[in-house]
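Novice: Below is one structure. I have some questions about it.
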Amino acid sequence: MTTTASPPFKPGLLLINEVNPNTPGSAEDMEYVELYHTSNSSVSLAGYWLVFYNGKNNLAYSILNLKGYNTDKNGYFLIGSTKMTPKPHIPLRANTIQNGADAIALYYRLGKAGYTVNMPVTADGLRDVIVYVSQARDDASGLLKVLTPGQEAVHEDERFILEDESLSRCQGLKPLDHSAYQITKITPLTKNDCEAPNIIPFGTSRPRTSSQPATPTSPMTLLISEVGVMRGSEPYSFIELKGPAGGRIRDYTLVMYNREGKIFEKIGVQGVIRDSGLYVISTNGTG
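Counting in full-length UniProt numbering, the sequence shown tops out at residue 287, every number present.
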């Protein structure tokens, strides 16, 4: 007999906390998924399954049964490549986690019958999920329709941070909510580094991840102050924005148009405005 009833009561939730599906270089040997239980304690993972979906065919390409495992004393659980540090609780071969458009889903299901490789994407027993893309143009619509209806995929833009980066839960503990994630430095088995950088490399695109944008409690005026034009592969050397000093920027997007009036780039803007009242987006990461 199989059931997808709620897991045994333990104050808190088990969530997908951090994902690093795309690492620098061709080896792809530092990939990982971090789970976190909000009780900040060791919790049995019996009944939980982690399913990896391919966005091209919307089928499961890898399945992990978490029975027999527990989160650590701080509530963390790490699934990752064998070469990474700290050592993962469940080791994976290099390049196991696909770059996107793909999804990683956390399920709860009791009984012998679980989830299987090549099964179609399903929301049955779903507890949490992240649907992600590596390119803004990647199509994850088949996964989104089933797993997170009405939301957009989370974009892991490799140009956001010069070193390795991850998709981290930073904006709340609500399950199945893509707006909770942002790009950060990697922090396996430790607290997520949710302080957004003030300087974002040019071309970074962090699209709105929820179909319902957050309503700011106090609307902030943000203006384009100066643009440095250059020749070459990038159309601008920097874009300077002006706003209230110390203001936190969220849910703003710079949209760039070509001479035909077509959009060629979107830049999701996030972070904190400097004491000078300026916020700079630069090709070289310096302002």
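Note that the Cβ used here is the ideal one computed from N, Cα and C, for glycine as well.
Treat the numbers as computed from the prediction; the structure is a model and nothing was measured.
Leaving out the 5 sequence neighbours to the left and right, which residues in its chain are closer than 6 Å to Thr-221 when beta-carbon positions are compared?
Specialist: No residues qualify anywhere along the chain.
Novice: Less than 7 Å between C-beta atoms, sequence neighbours within five positions excluded: which residues of the same chain meet that for Tyr-32?
Specialist: Asn-20, Leu-78, Ile-79, Gly-80, Ser-81, Met-84, Pro-88, Pro-188.
Novice: At a cut of 8 Å, does the region 52–65 reach the region 115–123 through at least three beta carbon pairs?
Specialist: Yes, the region 52–65 is in contact with the region 115–123.
Novice: What's the gap between the Cα of Leu-241 and the Cα of Leu-278?
Specialist: Approximately 6 Å between the Cα atoms of the pair.
Novice: Compute the Euclidean distance between the alpha carbons of Ile-186 and Leu-223, then round it to the nearest angstrom.
Specialist: Approximately 32 Å between the Cα atoms of the pair.
Novice: Under the rule that 16 or more other beta-carbon atoms within 10 Å means buried, what is Ser-195, buried or exposed?
Specialist: Looking at the sequence itself, residue 195 is Glu, so the reference to Ser does not match. Exposed, because fewer than 16 other Cβ atoms sit within 10 Å of the Cβ of Glu-195.
Novice: Starting from Ser-141 and walking both ways along the alpha helix (DSSP H), at which residues does that stretch end?
Specialist: First-last of the alpha helix (DSSP H) with Ser-141: 141–147.
Novice: Look at Gly-68 and Tyr-36 and say whether their C-beta atoms are less than 9 Å apart.
Specialist: Not in contact: Gly-68 and Tyr-36 (Cβ atoms no closer than 9 Å).
Novice: Determine the burial state of Asp-177: buried for a count of at least 16 other Cβ atoms within 10 Å of its Cβ, exposed for fewer.
Specialist: Classification for Asp-177: buried.
Novice: If we ignore side chains and look at the alpha-carbon of each, how far apart do Leu-106 and Gly-228 end up?
Specialist: Going from the Cα of Leu-106 to the Cα of Gly-228 covers about 45 Å.
Novice: Given residue 289, which residues of its chain have a CB within under 8 Å of its CB, disregarding the five upstream and five downstream residues?
Specialist: Residue 289 lies beyond the range of the chain shown here (1 to 287); nothing can be said about it.
Novice: Within this structure, are the beta carbons of Leu-254 and Val-269 separated by less than 9 Å?
Specialist: Yes, Cβ-Cβ distance for Leu-254 and Val-269 is below 9 Å.
Novice: I need the DSSP call for His-178, collapsed to helix, strand or coil.
Specialist: Of the three classes helix, strand and coil, the one that applies to His-178 here is helix, per DSSP.
Novice: Determine whether the beta carbon atoms of Ser-225 and Ala-245 lie at a separation below 9 Å.
Specialist: No, these two residues do not count as a Cβ contact at 9 Å.
Novice: On a CA-only basis, which of Val-51, Met-30, Thr-71 is nearest Ser-41? Give me that one, please.
Specialist: Cα-wise, what sits closest to Ser-41 is Thr-71.
Novice: CA-CA distance, Leu-143 and Gly-100?
Specialist: Between Leu-143 and Gly-100, the C-alpha separation is close to 11 Å.
Novice: Going by alpha carbons, who is nearest to Tyr-115 out of Phe-52, Gln-182, Arg-259?
Specialist: Per the Cα distances, Phe-52.
Novice: From the DSSP output, read off the bridge partner residues of Pro-88.
Specialist: Partner(s): none; Pro-88 has no beta bridge.
Novice: Residues in the same chain with beta-carbon distance under 8 Å from Lys-174, minus the five sequence neighbours each way, listed in chain order, please.
Specialist: Within the same chain, Lys-174 has close Cβ partners Ala-180.
Novice: Using DSSP with H/G/I as helix, E/B as strand and the rest coil, what is Met-30?
Specialist: Reduced to three states, the DSSP call for Met-30 is coil.
Novice: Exposed or buried, Tyr-257, counting other C-beta atoms within 10 Å across all chains shown (16 or more means buried)?
Specialist: Classification of Tyr-257: exposed, given that the 10 Å Cβ count is below 16.
Novice: Residues in the same chain with beta-carbon distance under 6 Å from Ile-63, minus the five sequence neighbours each way, listed in chain order, please.
Specialist: Counting only Cβ-Cβ distances below 6 Å, and skipping sequence neighbours, we find Val-51, Tyr-115, Val-117.
Novice: Could you tell me the distance, in whole angstroms, from the CA atom of Met-30 to the CA atom of Thr-23?
Specialist: Answer to the nearest angstrom: the Cα atoms are 6 Å apart.
Novice: Which class does Lys-185 belong to by DSSP, given the choice of helix, strand or coil?
Specialist: Strand at Lys-185.
Novice: So Thr-153 and Val-129 are supposed to be a Cβ contact under 8 Å. How far apart are they, rounded?
Specialist: Note on identity: in this sequence residue 153 is Ala, with Thr being the wrong assignment. So it is not a contact: roughly 11 Å between Cβ atoms.
Novice: Cα-Cα, which of Arg-93, Gly-12, Leu-110, Ile-97 is closest to Ala-46?
Specialist: Of Arg-93, Gly-12, Leu-110, Ile-97, the residue nearest in Cα terms is Leu-110.
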